[in-house]
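Student: Taken in sequence, the protein lines are chains A and B.
Residue 265 in the numbering used here sits at position 239 of the first sequence, and the numbers go up by one each step.
Residue 241 in the numbering used here sits at position 73 of the second sequence, and the numbers go up by one each step.
The beta-carbon is built from N, C-alpha and C at its ideal position, and this holds for glycine as well.
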Amino acid sequence: MNTYYAANLLIYAGIDIIACLALNLQFGVSGIVNFSFIVFQAVGAYAAAILSLPPDTANGGFQHYVGGLQLPFPVPWIGGAIAGGLLAIPVGFVVLRKLRSDYQAIALLVLSVIANTVITNADKFLGGAAGLALVPPPLSDRIDPNTESYQYLYIGITAVAVVIAFAVVNRVVNSPYGRSLRAMREREIAAASIGKNPVNLKMTIFIVGGVIAGLSGAILVGFIQIWAPSVWLYPETIILFAAIIVGGRGNNIGAILGALLVPVGFEEVTRLLNSNPNIANLGPPNLISALQWVAIGLLILGFLWFRPQGVRPEPRRVFEGGPD
Amino acid sequence: MLVATDIHRHFEGMRAVDGVSIEVAPGKITGLIGPNGAGKSTFMAVLAGTLPATSGTIVFEGEDITHLPAYQRARRRLVRTFQLPSEFAQLTVLENLLVAAPSNRGDSLFGALRGKRYWDADEQRLIEEARGLLKRFGMSGKESDYAGTMSGGQKRLIEIMRALMLHPRLLLLDEPMSGVHPKIVEEIQYYLQDLRAGGLTILMVEHELHMVERLCDTVVVMAQGKVIGSGTMASLRRQQEIVDAYLVG
Numbered sequence: 027m028n029t030y031y032a033a034n035l036l037i038y039a040g041i042d043i044i045a046c047l048a049l050n051l052q053f054g055v056s057g058i059v060n061f062s063f064i065v066f067q068a069v070g071a072y073a074a075a076i077l078s079l080p081p082d083t084a085n086g087g088f089q090h091y092v093g094g095l096q097l098p099f100p101v102p103w104i105g106g107a108i109a110g111g112l113l114a115i116p117v118g119f120v121v122l123r124k125l126r127s128d129y130q131a132i133a134l135l136v137l138s139v140i141a142n143t144v145i146t147n148a149d150k151f152l153g154g155a156a157g158l159a160l161v162p163p164p165l166s167d168r169i170d171p172n173t174e175s176y177q178y179l180y181i182g183i184t185a186v187a188v189v190i191a192f193a194v195v196n197r198v199v200n201s202p203y204g205r206s207l208r209a210m211r212e213r214e215i216a217a218a219s220i221g222k223n224p225v226n227l228k229m230t231i232f233i234v235g236g237v238i239a240g241l242s243g244a245i246l247v248g249f250i251q252i253w254a255p256s257v258w259l260y261p262e263t264i265i266l267f268a269a270i271i272v273g274g275r276g277n278n279i280g281a282i283l284g285a286l287l288v289p290v291g292f293e294e295v296t297r298l299l300n301s302n303p304n305i306a307n308l309g310p311p312n313l314i315s316a317l318q319w320v321a322i323g324l325l326i327l328g329f330l331w332f333r334p335q336g337v338r339p340e341p342r343r344v345f346e347g348g349p350d
Numbered sequence: 169m170l171v172a173t174d175i176h177r178h179f180e181g182m183r184a185v186d187g188v189s190i191e192v193a194p195g196k197i198t199g200l201i202g203p204n205g206a207g208k209s210t211f212m213a214v215l216a217g218t219l220p221a222t223s224g225t226i227v228f229e230g231e232d233i234t235h236l237p238a239y240q241r242a243r244r245r246l247v248r249t250f251q252l253p254s255e256f257a258q259l260t261v262l263e264n265l266l267v268a269a270p271s272n273r274g275d276s277l278f279g280a281l282r283g284k285r286y287w288d289a290d291e292q293r294l295i296e297e298a299r300g301l302l303k304r305f306g307m308s309g310k311e312s313d314y315a316g317t318m319s320g321g322q323k324r325l326i327e328i329m330r331a332l333m334l335h336p337r338l339l340l341l342d343e344p345m346s347g348v349h350p351k352i353v354e355e356i357q358y359y360l361q362d363l364r365a366g367g368l369t370i371l372m373v374e375h376e377l378h379m380v381e382r383l384c385d386t387v388v389v390m391a392q393g394k395v396i397g398s399g400t401m402a403s404l405r406r407q408q409e410i411v412d413a414y415l416v417g
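1. Compare the Cα-Cα distances from THR386/B to each of THR234/B, LEU277/B and GLU374/B and report the closest residue.
2. State the Cα-Cα distance for the pair ILE326/A and VAL320/A, rounded to the nearest angstrom.
3. Kindly indicate which three-state DSSP category GLY417/B falls into: helix, strand or coil?
4. Short check: CB of SER127/A to CB of GLY57/A, under 8 Å?
5. Pick out whichever of ARG406/B, LYS394/B and SER403/B has its Cα sitting closest to the Cα of PRO203/B.
6. How far does the beta strand (DSSP E) with GLU191/B in it reach, from first residue to last?
7. Grab the span of the beta strand (DSSP E) containing HIS178/B for me, first residue to last.
8. What residues in its chain sit with their C-beta under 6 Å from that of ASN203/A, if we drop five residues either side in the sequence?
9. Quick one: is ILE370/B buried, meaning 16 or more other Cβ sit within 10 Å of its Cβ, or exposed?
10. So, using beta-carbon positions, are VAL348/B and GLY320/B closer together than 8 Å?
11. Taking contact to mean at least 3 C-beta pairs separated by less than 8 Å, is the stretch 229–236 of chain B in contact with the stretch 256–264 of chain B?
12. Measuring CB to CB, does ALA172/B end up less than 8 Å from SER219/A?
13. If we count Cβ pairs, one from each stretch, closer than 8 Å, do we get three or more for the stretch 46–64 of chain A versus the stretch 96–108 of chain A?
14. Could you give the residue range of the alpha helix (DSSP H) that holds SER223/B?
15. From VAL189/A, VAL121/A, VAL65/A and LEU125/A, pick the residue whose C-alpha is nearest to that of ILE282/A; which is it?
16. Verify the CB distance criterion: does GLY417/B have a CB-CB separation below 8 Å to chain A?
17. Would you mind stating whether ILE115/A and SER242/A have Cβ atoms separated by less than 8 Å?
18. Count the other C-beta atoms from every protein chain shown that fall within 10 angstroms of the C-beta of ALA324/A, then say buried if there are 16 or more, exposed otherwise.
19. How do the stretch 257–265 of chain A and the stretch 107–123 of chain A stand: do at least 3 beta-carbon pairs fall below 8 Å, yes or no?
20. Can you name, in chain order, every residue of its own chain whose Cβ lies under 6 Å from the Cβ of VAL225/A, other than the five neighbours on each side?
21. Per the DSSP calculation, MET390/B is bridged to which residue(s)?
22. So what's GLY274/A in DSSP terms, helix, strand or just coil?
23. Between GLY366/B and SER201/A, is the Cβ-Cβ spacing less than 8 Å?
24. How close, in whole Å, do the beta carbons of ALA185/A and GLN67/A come, if the pair is a contact with beta carbons under 8 Å?
25. Give me the chain A residues within the contact set of VAL214/B, using Cβ-Cβ distance strictly less than 8 Å, ordered along the chain.
26. Tell me which residues share the same chain as PHE211/B and place their Cβ nearer than 6 Å to its Cβ, disregarding the 5 neighbours each side in the sequence.
27. Can you tell me whether DSSP reads ASP342/B as helix, strand or coil?
28. For ARG241/B, which of helix, strand or coil comes out of DSSP?
29. Give the DSSP-derived three-state secondary structure of TYR260/A in the structure shown.
30. With 8 Å as the threshold, decide whether the Cβ of GLU214/A is near any Cβ in chain B.
31. Per DSSP, ILE169/A is paired with what?
32. Among the residues of its own chain, which have a CB less than 6 Å from the CB of SER398/B, if the five just before and after it don't count?
33. State the Cα-Cα distance for the pair ALA33/A and ALA315/B, rounded to the nearest angstrom.
34. Keeping to the same chain, check which residues put their C-beta closer than 7 Å to that of GLY94/A; ignore five residues upstream and five downstream.
35. Run through the stretch 310–360 of chain B for me and flag every whole alpha helix (DSSP H) of 4 or more residues, listed as ranges in chain order.
36. Pick from ALA217/A, ILE271/A, ALA71/A and ALA193/A: whose alpha carbon is nearest that of ALA330/A?
Pasting the structure below:
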């Protein structure tokens, strides 16, 4: 396994872990079915891109976008995280206050489709369908990104981001506040009747999840150096939901496990199958890639049917001095 | 303690609660009885803020709470239980109690982010308080079990204990004996008398008239969304209209 392949795998794993931790906090712990999750990752990526790119007149003016502030690392990553959180405020305000939870899910799914369509067609705003290219990787003014040592550096800073995201989410989930979130997930009306403000709880977690999702987008765009509507279509959210369901809803370790098994694992298996000409040439073109979606659908159904609690179920909290 | 005046709650023209006015006296158990469909549970939901009133006013301890949402009424220690079991199924029995406690420093985002050291003292104090309640209600051995696995009667007890963790000034109980094993009915009755002796005010919807007679100081009778009488059970039994509407047999 060469360094670049390993770096690719580890950095994608880190990004997916961060995203799954955020989605687990929203969906697994708090019961918010955020079908527009990928939009928050996307806004983080776009924000990080336009904060780190030079003005669009650079590079011969072949692409158009707002911003182009050329700010140094870590400003674009912080900006990406803030953008994710800021987007959560108006979206949450519209969706989470009045709608019942099933309608919330539908509204968020529709938002994801609308956002992608708008960005695709607003070609002067964020590059339209072609997206943004030549996004400068973090610290590329100091270290050549085409070196092995840069790959290690990127793995390192991604790992730091994973640790921070895990620490934040873990503190929230394993606190009395996390208990209130789980109570809201179980019965919102009963939670309100004991003094919990469900709208406030949901808005807060929507924003916290948006910040973490935005950070994951910023890390991703810094690594792949391009960003376009085709990489954040709504089915990407479904893959992350599959990861949470498989890993174990409400369990942070389960979310990490799910991230490794589904987005990373499935992508790798598909890639490996496609790299074998005997398999890749079976049936019509792109059969293996299309079957990946079928497999993810079956995986979700299989787990919901046979093991709804996932590989690592939500832990039962036993307090010191009490019976097991 | 609580004065509800001319409360209406309509559902698309259907008058579930139609001009109900009641006063709940402090330190007493007030019963709310009536046939099915009388609007008792809807009225309780309106008092608790779970449903908004179409019109009317609710004053609790001198404050107009008519337009306050349920969570703000609970924070003023006006706490309800539900007609159907409403435990947090995937939380343990102890967690069901702890989650209701209003004074835990870890029960906010910033408190949680500051870490366990910041809120652990509160948590330990509340665990002790919750275990005291579990002992009093005979459920100590169940604290680590998921609430969703408990029997119907045990779920009722969990709800009452959960409400007590808020140190309520007024407790609204919606059919606390419904679907409960007779042995646990006796226990709940004992606990309610005990709570009243401790000064707690209770407004209770109940169908079991023997229970109402034994427990309640005052009884309000509702039928077709209206109050048709109030007083002690003995006085109500002497009113022919009420006997015809509800107390037959």
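Tutor: According to the structure data:
1. Per the C-alpha coordinates, the member of THR234/B, LEU277/B and GLU374/B positioned closest to THR386/B is GLU374/B.
2. Here the alpha carbons of VAL320/A and ILE326/A stand approximately 10 Å from one another.
3. Interpretation of GLY417/B is limited by its pLDDT of 45, a score under 50 that renders its predicted location unreliable; no figure is taken from the coordinates.
4. Cβ atoms of SER127/A and GLY57/A: closer than 8 Å.
5. Closest option to PRO203/B, Cα to Cα, is LYS394/B.
6. The continuous beta strand (DSSP E) containing GLU191/B extends over residues 182–192.
7. Where HIS178/B is concerned, the enclosing beta strand (DSSP E) stretches over 170–179.
8. Just to set this straight, residue 203/A is Tyr in the shown sequence, not Asn. Closer than 6 Å at Cβ, skipping near neighbours: no residue.
9. It counts as buried.
10. Between VAL348/B and GLY320/B, the gap from beta carbon to beta carbon is short of 8 Å.
11. Short answer: they don't touch.
12. At the C-beta level, ALA172/B and SER219/A stay beyond 8 Å of one another.
13. The stretch 46–64 of chain A makes no contact with the stretch 96–108 of chain A: fewer than 3 CB pairs, one atom from each, lie closer than 8 Å.
14. Element bounds for SER223/B: not the alpha helix (DSSP H) but the beta strand (DSSP E), 223–228.
15. If we check each option's Cα against that of ILE282/A, VAL189/A comes out closest.
16. Bear in mind that a pLDDT of 45 at GLY417/B, under 50, signals an unreliable position, so the number given afterwards is only what the model happens to contain. Taking 8 Å as the threshold, the shortest C-beta distance from GLY417/B to chain A does not fall below it.
17. Against a cut-off of 8 Å, the Cβ pair of SER242/A and ILE115/A comes out as no contact.
18. According to the sequence provided, residue 324/A is Leu. The question's Ala does not apply to it. The residue is exposed, with fewer than 16 neighbouring Cβ atoms inside 10 Å.
19. No, the stretch 257–265 of chain A does not touch the stretch 107–123 of chain A.
20. Excluding its 5 nearest sequence neighbours in each direction, VAL225/A has C-beta neighbours in its own chain below 6 Å: ARG123, listed in chain order.
21. Answer is VAL395/B.
22. The answer is coil: DSSP assigns GLY274/A none of H, G, I, E or B.
23. Contact annotation: GLY366/B and SER201/A have beta-carbon atoms that are not nearer than 8 Å.
24. With a Cβ gap of about 19 Å, ALA185/A and GLN67/A do not count as contacting.
25. Residues of chain A passing the Cβ test: none, with the nearest at roughly 13 Å.
26. For PHE211/B, where only same-chain residues beyond five positions count, the Cβ hits under 6 Å are VAL185 and VAL188.
27. Correct three-state label for ASP342/B: strand.
28. In the three-state scheme derived from DSSP, where H, G and I count as helix and E and B as strand, ARG241/B is classed as helix.
29. Here TYR260/A sits in coil by DSSP.
30. By this cut-off, GLU214/A is not an interface position.
31. In DSSP, ILE169/A forms no bridge with anything.
32. Taking SER398/B as the centre and dropping the five residues before and after it, the same chain places the C-beta of VAL388 closer than 6 Å to its C-beta, in chain order.
33. Approximately 46 Å between the Cα atoms of the pair.
34. Within its own chain, the residues whose Cβ lies closer than 7 Å to the Cβ of GLY94/A, once the five positions on either side in sequence are excluded, are ILE76, LEU79, PRO80, PRO81 and ASP82, listed in chain order.
35. For the stretch 310–360 of chain B, whole alpha helix (DSSP H) runs of length 4 or above, ordered along the chain, are 320–332.
36. Before going on, a small fix: residue 330/A reads as Leu here, not Ala. For LEU330/A, the nearest C-alpha among the options comes from ILE271/A.
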